[in-house]
Amino acid sequence: MFKRYSKRLLSVDMMITNEEWKNKYLNEATWKIFTNFLTMNKEFYEFTALNINPHDDLLDYKYHIRKKLGNGLTSMVYLLEKNENNSLNNDTEQCVMKICKTSLYKEWFLNELTITNQLKQLNDLNKFNSFFQDILHSSPTGQFLIFNKELKHITSLTLNQSKQLIHIVQYLYDSDIVHRDIRPQNLMLDYREKRLKLIDFGFAFKYEINEMPKKLPIFGTVTYATYELLTCYYESISNKQYAPLYDYERTFDLKCALNVIIYKISNKVQIELNAIEQLSPPEKLLRSLTLWENCKKKNQIYSDLLGLINNLSVSSDFDGFERQLEKLYYCGTNIII
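The structure is reproduced here in structure tokens:
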């Protein structure tokens, strides 16, 4: 830090000792910091690093930050608590703010808001409240989202919770929406309602009625993705196509959900996938391909479930999938890979 002072300034008075110069530099630097503090310079507080404008309405007159909940690739997440002087009855006691880290990710925040609003307008509002988080407030430019409650990460996945996950995917299927990023980190638990919830719709998209599989850039989960996507992605990278496209089928989420269930109930699969996550992208794709291919070859129940998904054409077909899922839990940790 002290070695970066100007040589031009050094030549002004060569009689100043190194220690005196260090003290002089430290005093000047401290004064600049104090001045920034007094002027509330937004650059000094790095608002731009979090993609927040000081003039944004962050509801500070209603809430204060209670604690940080998480720090992900695209966002930082905080728990907000109602201010003591906030007497508005319709304000919740606590809510969650997700702040976009850079402008590169704003489109995903705006997309999450769009998809969430579409889900609220479709089907059953009671199911929406059971399956997803509601957005209470948002930045019009995609800088932050405020959700209605704090959720907890799942540590395990019971048979009942797996059935809840299938119901969530069925709701998305009936709504013509594909999440694209179903993985353990996006499955949360509402302890008050004892319900599993799916979060993070940044990569989700909506099909039009009777639309064929939609070709889109590959985003979202990779290690829990379908065998077909992994094959497509690996071939694209092998051919040095670094912006691969994939025909996302309507049943994509159901196959990802099945892979997540396998991961949560099999210690062997957990160990293997946790190791895969540490690899480079090409190695991760190849190892994931091998893992799910072995699961299909060595586990008849998993293979049968994939067959049911491939033949799924109407919402009622989910019932047969759910019944077959119970057999998978009887295998439990004995799943072979």
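Heads up, the sequence shown is in numbering that gives the first Met the number 0, so the first residue is 0 and it goes up one at a time.
Where a beta carbon is used, it is the ideal one built from N, C-alpha and C, also for glycine.
- Take the alpha-carbon of residue 204 and the one of residue 247: they are about 10 Å apart.
- Separation of the CB atoms of residue 97 and residue 144 is rounded to 5 Å, and the pair is thereby assigned contact status at 8 Å.
- Out of 230, 140, 198, the CA that lies nearest to the CA of residue 114 is found in 198.
- DSSP, read as helix, strand or coil, puts residue 69 in strand.
- Within the DSSP secondary-structure output, residue 197 pairs in a beta bridge with 186.
- Counting every other CB atom within 10 Å of its CB across the protein chains shown gives residue 180 a total of 16 or more, marking it as buried.
- By the criterion of a C-beta distance shorter than 6 Å, residue 129 is surrounded in its chain by 194, once the five residues flanking it on both sides are discounted.
- The three-state secondary structure of residue 214, taken from DSSP, is strand.
- About 12 Å separates the beta carbon of residue 264 from that of residue 164, a gap too long to meet the 8 Å contact definition.
- Judged by beta-carbon spacing, residue 287 lies beyond the 7 Å limit of residue 295, meaning their Cβ atoms are not closer than that value.
- Residue 304 sits close to residue 257, with the two beta carbons spaced by under 7 Å.
- Bounds of any beta strand (DSSP E) do not take in residue 328; it lies within the alpha helix (DSSP H) bounded by 317-330.
- Residue 145 is bridged by DSSP to 96, 136.
- Proximity to residue 273 across 322, 232, 184, 242 peaks at 184, based on C-alpha coordinates.
- According to the DSSP assignment, residue 150 belongs to no beta strand (DSSP E), since it is labelled neither H nor E.
- Rounded to whole angstroms, the separation of the alpha carbons of residue 220 and residue 148 is 25 Å.
- For residue 76, DSSP records a beta bridge to 69, 97.
- Residue 206 and residue 175 have their C-alpha atoms spaced approximately 5 Å apart.
- The stretch 276-313 contains, as complete alpha helix (DSSP H) runs of 4+ residues, the segments 280-297, 299-309 (chain order).
- Looking at 267, 280, 251, the one whose alpha-carbon comes closest to that of residue 232 is 280.
- Bounds of the beta strand (DSSP E) holding residue 244 are 244-247.
- With a contact defined as Cβ atoms closer than 8 Å, residue 95 and residue 109 miss out at about 18 Å.
- It is roughly 6 Å from the alpha-carbon of residue 76 to the alpha-carbon of residue 70.
- Residue 188 and residue 162 do not touch by the CB rule: their CB atoms are close to 14 Å apart, not below 8 Å.
- Here DSSP, grouped into helix, strand and coil, assigns residue 204 to strand.
- Annotated as distal: residue 133 and residue 314, with beta-carbon spacing of 7 Å or more.
- If you compare the alpha carbons of 216, 327, 146, 190 with that of residue 243, the shortest gap goes to 216.
- It is roughly 38 Å from the alpha-carbon of residue 308 to the alpha-carbon of residue 101.
- By alpha-carbon distance to residue 125, the top candidate from 137, 111, 170, 107 is 170.
- A straight-line Cα-Cα distance of about 38 Å links residue 284 and residue 136.
- Excluding the 5 residues flanking it on each side, residue 107 has same chain C-beta neighbours closer than 6 Å at 201, in chain order.
- Look at residue 62 here: in three-state DSSP terms it is strand.
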